[in-house]
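Here is the structure we will look at.
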Amino acid sequence: MKLSTKSLWLFIVVGGYITVFLASRLVNLTHFPLFIDEVRHILRAQATLTGDFFIGMREAMKQLFIWLVAFTFSIVPNKIFAARLVSVLAGLAAAGVCYKLAMSLYPQRRLGYLAALFYLISPFALFFDRLALTDTLLAALLGGSVIVSLRLWRQPTSQSAIALGVVFGLAALTKPYAALYYPVPLLIGFVLRRDAGWAKIGPLLILTFGLAALAWIPILTVGLPAFEQDHVEKLMFDSPKGPFLETIFTNVELAGHWLIGYLTWPFVAMTLYVVIKIWVSRNKPGLLLVALIIFPLLVFIMALDVWFSRYLLPLIVPLSVLIAWGTADVGHRLSLWFRLPSTGYLGKLVEMALFVALCLPSLPFDYFIIVDPSQASLPTFDREDYIEGRFSGYGLQESAAIVEQFARDYPSVVVLRGSNLMDTVSSLDVISMMAHVSNADNISIRVIDQFDQNTIRDLNTYAQSSPTLTLQTIEEGSSGGALAFTNMPQAWVLASFSKPGHRTNVILYQWLLPHDLALRELAQNGEREPKLLWLPQEKTIVTAPGDLIDIAQIQFDSLETLSKAMNSLRVHYILVTPEVVERYPAAFSPFMTVDGERLIIQQMPSRWRLVTAQADNQCSWCLFDVETAADF
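This is how it looks when you write it as structure tokens:
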């Protein structure tokens, strides 16, 4: 079958758009570190594959997205790519919705093209389309609900009512605040005043909302705890953080900050122009679009104490149509001003030139989102969340590379995390890091609840046979929480990575036994090839660089004899533990005694210098320098 020239051009345009769209979303898709909420979604999708089918509802009320991510896991092996691919495809659907909505309200194909192009180029859409978050999917579904609502009024059939009910239900399963769009079919009836009477539409709307209500059964049963713990807490009426009016003014400032930051000033100016023009001309489709933007925005401003810029992402669908309409209107006026024909190719060329000019500030923004998001000019609060703050993923991939190296060098590796899977301080940092580990077959996850003697004993047991690692993100001035390793002497800082902004550090720790810790400290103090005398423990690995010499190789009955023997071996350091003192009581008892698992230094041996001890003169181990024994 031979395509007509018009069909061929349409095929080329659509194919080119899809190609550019996917390229802009898929290039470097896994380059941006995982945001903390992405990790939560990946965890829930993995749990779904093990049979916990409603974990997304039970923990976050975002079930549909979790199911889609879990399904993608079965097709795409890279879980980060797979999770974000769901958002990319949802973004492509949202772009199609922008086109279709423009065509539904203003049957001019070029407005549909401009709306889709705006979605393609918008930094707001580009940034969130590349993250494994629910909001892009919600934007596509809510935009789709407007299209189906228009269809219901134009073709008031049970099929349209069922389709709208299904879309509303799926949107609610994506995120409950989809309910803000449930009045859309009513709004269309009042604003556009369609020919179909309310008597005919009423029963169909009952069918629509009845179907949508089915989705709310699991939300209000299985998802009720999550609703109470998360969504209700975000309402300013639950536990307000400040006076009501002050919170509203703050929310207005936030909304303006986000919208101006992501839309850029040219599109903000165009939006203001369009709103004024539509209000003056009483353009009914335009008034509907303005209402679709203002109503959810007012609800967020008036009701929420805690919210984020991504909540506004569904607004980009009606906004894209307004931008397209405004571009066409201003382009028409420019054509008249330049005395050019406003129709035909010249008129379209003027519109496209205007649109490109409006896009210019967005292009560098888009470039850095794709190439290096840390350099992108994100709004300040989002830069804190996604780039510089403790919930961003910078430093995790670098830490994962070190963990992978340990996994290659040793038969087994232990990674520690807190007991609460959703705790950002002690668990999600570790889990986020492990999401970047490609081969974890010989890596075991061990859970710790608190730091007490039993926990330390367990950690020592792990470290005997396996490198034992953990990771924490510490903000400037923060102690790190109840499970902080900061003040634990055996927690050695293997690596530290500063996030952009240099206010937050990702620290990778290794839990070291005394011999490894002593070697590490000697190397840190300038010993190029540290040598250490010690009493080996059975089946204990050595992970630090340096030479360990078995004290059993030396025959001695006093510390003076031991010092001379060490001098002949050119070993200047000895690690003294309770086991050493108990093995050689005649030599050590005048100077040190053992009390349980601790050493007590009664007096310092002659010509011995205490280099370090954990943690004082009543310590579990001591490192001595006997270099001054050379003249014995």
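Each residue of the sequence shown is one higher than the one before, counting from 1 in my numbering. Backbone N, C-alpha and C fix where the C-beta goes; we use that ideal spot for every residue, glycine too. Please read these numbers as outputs of a predicted model, since none were measured by experiment.
Would you say residue i and residue j are within 8 angstroms of each other, going by their C-beta atoms?
i	j	result
Gln464	Thr540	yes
Ser87	Leu133	yes
Thr136	Gly96	no
Arg570	Glu475	no
Gly143	Leu101	yes
Leu512	Tyr573	no
Ser335	Gly326	no
Ala94	Tyr113	no
Ile206	Gly189	no
Phe54	Pro203	no
Leu220	Leu259	no
Ala215	Ala163	no
Pro296	Pro361	no
Tyr99	Ala116	yes
Ile42	Ala83	yes
Ser568	Phe497	no
Phe365	Ala357	no
Among the options, whose alpha-carbon lies nearest the alpha-carbon of residue i?
i	options	result
Asp129	Arg282, Leu43, Pro314	Pro314
Arg607	Ala613, Val594, Leu562, Pro585	Leu562
Gly395	Lys499, Leu22, Ile55	Lys499
Val636	Leu363, Leu517, Asn567, Ala213	This structure leaves residue 636 out entirely; the chain is present only between 1 and 632.
Thr470	Ser438, Gly197, Val415	Val415
Ala613	Ile507, His515, Ala552, Pro225	His515
Ala401	Gln63, Ala435, Ile18	Ala435
Asn78	Phe451, Ser335, Asp305, Val437	Val437
Ser645	Met592, Val506, Glu538	Given a span of 1 to 632 for the chain in the structure shown, any question on residue 645 remains unanswerable.
Val252	Ala269, Leu304, Tyr273	Leu304
Gly501	Phe295, Pro361, Ser392, Leu64	Ser392
Asp550	Val274, Asp382, Lys564, Leu532	Leu532
Leu26	Gln450, Ile369, Asn525	Ile369
Ser432	Arg44, Val356, Ala23, Tyr584	Arg44
Pro123	Ser7, Ala324, Cys359	Cys359
Val542	Val268, Val275, His257, Pro411	Pro411
Gln510	Leu459, Arg609, Gly526	Leu459
Please report the Cβ distance between residue i and residue j, rounded to the nearest whole angstrom; I am assuming they are in contact, meaning their Cβ atoms lie under 8 angstroms.
i	j	result
Leu322	Thr271	6 angstroms
Val191	Leu288	5 angstroms
Leu535	Glu597	No, Leu535 and Glu597 are not in contact; Cβ-Cβ is about 15 angstroms, not under 8 angstroms.
Leu105	Pro285	4 angstroms
Val139	Val317	The sequence shown places Ala at residue 139, rather than the Val named in the question. That belief holds up - the Cβ atoms of Ala139 and Val317 are roughly 6 angstroms apart, short of 8 angstroms.
In three-state DSSP terms, what is residue i?
i	result
Thr593	strand
Trp325	helix
Leu340	coil
Ile554	coil
Leu599	strand
Phe632	Low local confidence applies: a pLDDT of 40 at Phe632 is under 50, so the model's placement there is unreliable, and no value is given.
Trp153	helix
Trp307	coil
Ile574	strand
Lys531	strand
Leu522	helix
Leu360	coil
Ile637	The structure shown has nothing for residue 637, since the chain only spans 1 to 632.
Asp382	helix
Ile549	strand
Ser374	helix
Could you spell out the range, first to last residue, of the beta strand (DSSP E) harbouring residue i?
i	result
Trp621	621-625
Val415	413-418
Phe642	The requested residue 642 is not part of the displayed model; the chain covers only 1 to 632.
Thr470	468-475
Val611	609-614
Thr504	504-511
Can you tell me where the alpha helix (DSSP H) holding residue i begins and where it ends?
i	result
Lys652	The requested residue 652 does not occur in the structure, where the chain is confined to residues 1 to 632.
Gln450	From DSSP, Gln450 is part of no alpha helix (DSSP H); its letter is neither H nor E.
Trp258	244-281
Ala172	158-174
Thr48	36-49
Leu126	123-129
Asn567	559-568
Ser104	79-105
Met57	55-59
Leu315	Looking at the DSSP string, Leu315 is not in any alpha helix (DSSP H), and its letter there is neither H nor E.
Glu404	396-409
Pro605	Element bounds for Pro605: n/a, residue is neither H nor E.
Given the structure, does residue i come close to the ligand MN, in the sense that its CB is under 7 angstroms from one of the ligand's heavy atoms?
i	result
Val148	With respect to small molecules bound, the structure shown includes none, and the ligand MN cannot be examined in it.
Under 8 angstroms, Cβ to Cβ, is there at least one residue of chain D near residue i?
i	result
Ile387	No chain D is part of this structure, which consists of one protein chain only.
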